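Take the sequence shown: its letter number 296 is residue 564 in this note's numbering, and every next letter is one higher. Just so you know, even glycine gets a beta-carbon here, dropped at the ideal spot from N, CA and C. In this text the structure is predicted, and so the values were computed from the model without any measurement.
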Amino acid sequence: MSDPDPGRQNHRDASEDESRALVEYLAKHYHAAGSATPAISWNQLSEPERRVFLSRARQTLVAVHGAGYEISRMAATSDAPGPSLASDADALRLRIAEAEHFLHAGEPLLAYNEVQQGLEYWPESLRLRQLQGLSLARSGAMRRANEVLQSLRDEGLSDGETMGLLARTHKDLGLSAIGRAERLEHLSAAFRIYHDAYRSSLERGRVADAYYTGINAATMALLLDKGKDARAIAANVRELCLQELGGDVSGDAEFWLKATLGEAALVLGELDEARSAYRDAAQVSEGRFGDLASTRRQANLLLDHMGLEAGWILEALAAPPVLVFTGHMIDAPGRAQPRFPPDLEAVVQAAIRSRIDSVKPLAAYGSAACGTDILCLEAMLERGAETHIILPFPPEEFRRVSVDFAPGGDWARRFERVIESAESVTVTSEHRATGSASSYEYANLVLTGMGSLRAGVLGTDVVGLAVWDGLPGDGGGGTAAAVELWEARKFRVERIAVQELRDSLPAETGEPGSRPQTDHPFAGFRHEIKAMLFADAVGYSRLTEDQIPIFISRFLGSVARLNDEVDYSPMHCETAGDGLYMVFASVADAGRYAIALSEMVHTMDWEGAGMPGDMDIRVALHCGPVFCGKDPVTGRPLYTGPHTSRTARIEPITPPGQVYASSAFAAVAAAVGVTDVDFRYVGRTQLAKKYGSLPLFHVRRASGFLPA
């Protein structure tokens, strides 16, 4: 490779400086205009607090570029940040920075979505493709990550980071392999790639690549029982790290250097040195929760292989908990039995701040109704922490039902502010079902599941926070139901007893409050949460007339036998030629059945029955509130609604032989503690018939689960 053109490099450096200046300029503006703590200057903010506003600024600029616009400085403006977003190169850097931000924060799913959108504009970007592989790996989709990174290697990219990521996928595939031969194959491949990249990096003087690939080569050698090689490499890596730390290093580099010293000490059997190095790494991690989690997993791997106690590593590399919150809304005017009178806002606000300061969560998941929800979101934003909002239906309708009725407090403006400041906003249903509590119950499940999935990625705990009077609510899906769910999952629940806080206030009299909770207001129909499955036989359209009866006997007959044999069969089933539509009482039943169905069809001897040998099935899963009743035409049970349509749109884009599920299905499964089904992230995917896009998961059986 020839030396870079100095003029071009200088231009690139200047452009990067201009882009960073614009991002910081916008971030400072967002802080000044919309911060919950405007009295604190930008320079007084912590790094995690600044990242919230920097992320928002990058997202704004990426959206502007995506809409086809450019931003340039007005010539007459002397105090502007300089030339700004004016090229694809600037927008690409912003997209990369945003993906890296999500990875550092332990959000590989959001990082993958950012990368996926970026690749639509810049499909040849090597950095985006590297980040695609890394985000897939961190979300658990190791085979797909391996394919992405192997393609980069095949194209001649052999830098230490790419090779290290590729080797990591081989390592994880080896560790999860059932057979000894497959395990040895992948672990040996990982060692070769790490070791070759390590030697190459040393020869080129690329120290950062050398210590990264070197320490992983040492760990792989130890797992392959090559102890002498492992210790020799680890000792050399330790010297490299100590030399680097003796100079001027960035915060990111300092974390990885100290984490690498911890791992090298483990390989060398020096536990006290390992503890000290890992604690030092944690002290400079500064919000890098995803990196802490991956470092902890690597340390646990070594300790387990060496037969040593691993509890101390959780303390040394602990990540803060994830918060899920719920609580009463501000009382509507004239509420007969007060729960959260407007006059109590300041007292509840102080109690919420105190609990959140005590828990110190890294992120919070909840809704955005007036009262508890908005107070929790504001308290998190004051800390510079992440907020993720889950709404049962679109924001405009939600605001009308759950915000606008509240007297005083400027709740509508505060609602808009927390929505704008959130890291993510998820709308669980496209429409509101008037008078039904199921939409709220569903949103509770999804927010609990999203928090659980995030905690699982980071290896930390979920903590619930409830502002509650201890009594049943006005209807389903409220605070009492959320607390019951969290206690069933053995979450630690921090309760703020609102009845004790309001004892000094005079009781109000009048009519009950505003939110309608009459269940199932539609005659003859119930509105209930169900799990749904759509499946399609791949190859059916190519069958001849004579093959149709064989298909019915083999395919539908096998489905009927499966329904009789398993204890997780559907509560409702419909067939239409090559298609199946099934309804289940729980996501656990639906997930297990989908895996059993897919494996049964995939392993059939189709050619032996006189059918095309490539016959297969694709299966889609979703969960949500549907209307349950009787079909007036057929007289049979009917389960229908927008969530049924959503399930149907996932099935056509599912690969043959695979089971795909919506993110809502995965979240509800996590919320209720399903452990025998495994979900691996696929990405945000365009659905059939222009139905928009959804984050989807690949569903497979968890280790040890054998569907019967």
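Using DSSP bridges, identify the partner residues of residue i.
{"i": "G732", "result": "V592 and V761"}
{"i": "G897", "result": "L906"}
{"i": "Y928", "result": "A888 and H966"}
{"i": "A631", "result": "V590 and E654"}
With DSSP collapsed to three states, give me the class of residue i.
{"i": "A636", "result": "coil"}
{"i": "E654", "result": "strand"}
{"i": "V671", "result": "coil"}
{"i": "L492", "result": "coil"}
{"i": "A614", "result": "helix"}
{"i": "F947", "result": "strand"}
{"i": "T922", "result": "coil"}
{"i": "A354", "result": "A caution first: A354 carries a pLDDT of 44, below 50, which makes its placement in the model too unreliable to give a value."}
{"i": "L322", "result": "helix"}
{"i": "T694", "result": "strand"}
{"i": "L659", "result": "strand"}
{"i": "S346", "result": "Caution is warranted here: a pLDDT of 43 is assigned to S346, below 50, making its placement in the model unreliable, and the coordinate value is therefore given only provisionally. S346: coil per DSSP, three-state reduction."}
{"i": "F608", "result": "coil"}
{"i": "R756", "result": "Rather than Arg, the amino acid found at residue 756 in this sequence is Ala. Helix, per DSSP."}
{"i": "H911", "result": "helix"}
{"i": "V940", "result": "coil"}
{"i": "M883", "result": "coil"}
{"i": "P376", "result": "helix"}
{"i": "A705", "result": "coil"}
{"i": "G878", "result": "coil"}
{"i": "F459", "result": "helix"}
{"i": "I624", "result": "helix"}
{"i": "H699", "result": "coil"}
{"i": "I446", "result": "coil"}
{"i": "L739", "result": "coil"}
{"i": "I687", "result": "helix"}
{"i": "D497", "result": "helix"}
{"i": "Q277", "result": "Reliability of the predicted coordinates at Q277 is poor, the pLDDT of 37 falling under 50, and the value obtained from them is presented with this limitation in mind. It is helical."}
{"i": "A289", "result": "helix"}
{"i": "P780", "result": "Annotation note: pLDDT 32 at P780 (below 50); position unreliable, no value reported."}
{"i": "M648", "result": "helix"}
{"i": "A750", "result": "helix"}
{"i": "D464", "result": "helix"}
{"i": "R682", "result": "helix"}
{"i": "A600", "result": "coil"}
{"i": "D771", "result": "coil"}
Write down the C-beta distance between residue i and residue j rounded to the nearest angstrom, noting that I regard them as a contact closer than 8 Å.
{"i": "V827", "j": "P376", "result": "About 36 Å separates the two Cβ atoms, so there is no contact after all."}
{"i": "R499", "j": "L534", "result": "Wrong, their Cβ atoms sit about 11 Å apart, outside the cutoff."}
{"i": "H911", "j": "H890", "result": "6 Å"}
{"i": "V970", "j": "D946", "result": "The sequence given here places Ala at residue 970; Val does not occur at that position. With 8 Å as the limit, A970 and D946 qualify as a contact, their Cβ atoms being about 4 Å apart."}
{"i": "L571", "j": "I581", "result": "7 Å"}
{"i": "V894", "j": "E796", "result": "7 Å"}
{"i": "K439", "j": "L455", "result": "7 Å"}
{"i": "L248", "j": "R411", "result": "No answer is possible for residue 248: the residues shown for the chain start at 269 and end at 976."}
{"i": "T487", "j": "Y466", "result": "Not really, about 12 Å apart at Cβ, beyond 8 Å."}
{"i": "A409", "j": "H966", "result": "7 Å"}
Should residue i be counted as a contact of the ligand ATP given a C-beta to heavy atom distance under 7 Å?
{"i": "P910", "result": "Among the components of this structure there are no ligands whatsoever, and the ligand ATP is therefore not found."}
From the beta carbon of residue i, is the nearest beta carbon of chain B less than 8 Å away?
{"i": "F947", "result": "Absent here is chain B; the protein component of the structure consists of one chain."}
Could you tell me which whole beta strand (DSSP E) segments of length 3 or greater appear in the stretch 517-595? 590-595
Can you check the stretch 790-875 for any alpha helix (DSSP H) of at least 4 residues that lies completely inside it and give the ranges in chain order? 815-819, 825-833 and 855-870
Can you list, in chain order, the stretches of the alpha helix (DSSP H) that have 4 or more residues and sit fully within the stretch 378-435? Taking only runs of at least 4 residues, the alpha helix (DSSP H) segments lying wholly in the stretch 378-435 are 394-406 and 410-422.
Cβ contact (3+ pairs, closer than 8 Å) linking the stretch 591-610 and the stretch 636-652: yes
Taking three-plus beta-carbon pairs below 8 Å as touching, is the stretch 764-773 in contact with the stretch 854-863? no
Counting Cβ pairs, one atom from each stretch, are 3 or more of them under 8 Å apart for the stretch 714-721 and the stretch 933-940? yes
Would you call the stretch 394-412 in contact with the stretch 363-371, where contact means no fewer than 3 C-beta pairs closer than 8 Å? Yes, the stretch 394-412 is in contact with the stretch 363-371.
Count Cβ pairs between the stretch 654-666 and the stretch 616-633 that sit closer than 8 Å; are there 3 or more? yes
Are the stretch 487-494 and the stretch 453-466 in contact at 8 Å, needing three or more beta carbon pairs? yes
Count Cβ pairs between the stretch 877-888 and the stretch 914-924 that sit closer than 8 Å; are there 3 or more? yes
Does the count of Cβ pairs from the stretch 540-555 and the stretch 594-609 closer than 8 Å reach three? no
Taking 8 Å as the cut-off, does the stretch 425-436 touch the stretch 474-483 (at least 3 CB pairs, one atom from each stretch)? yes
Between the stretch 802-810 and the stretch 844-851, do three or more beta carbon pairs fall short of 8 Å? yes
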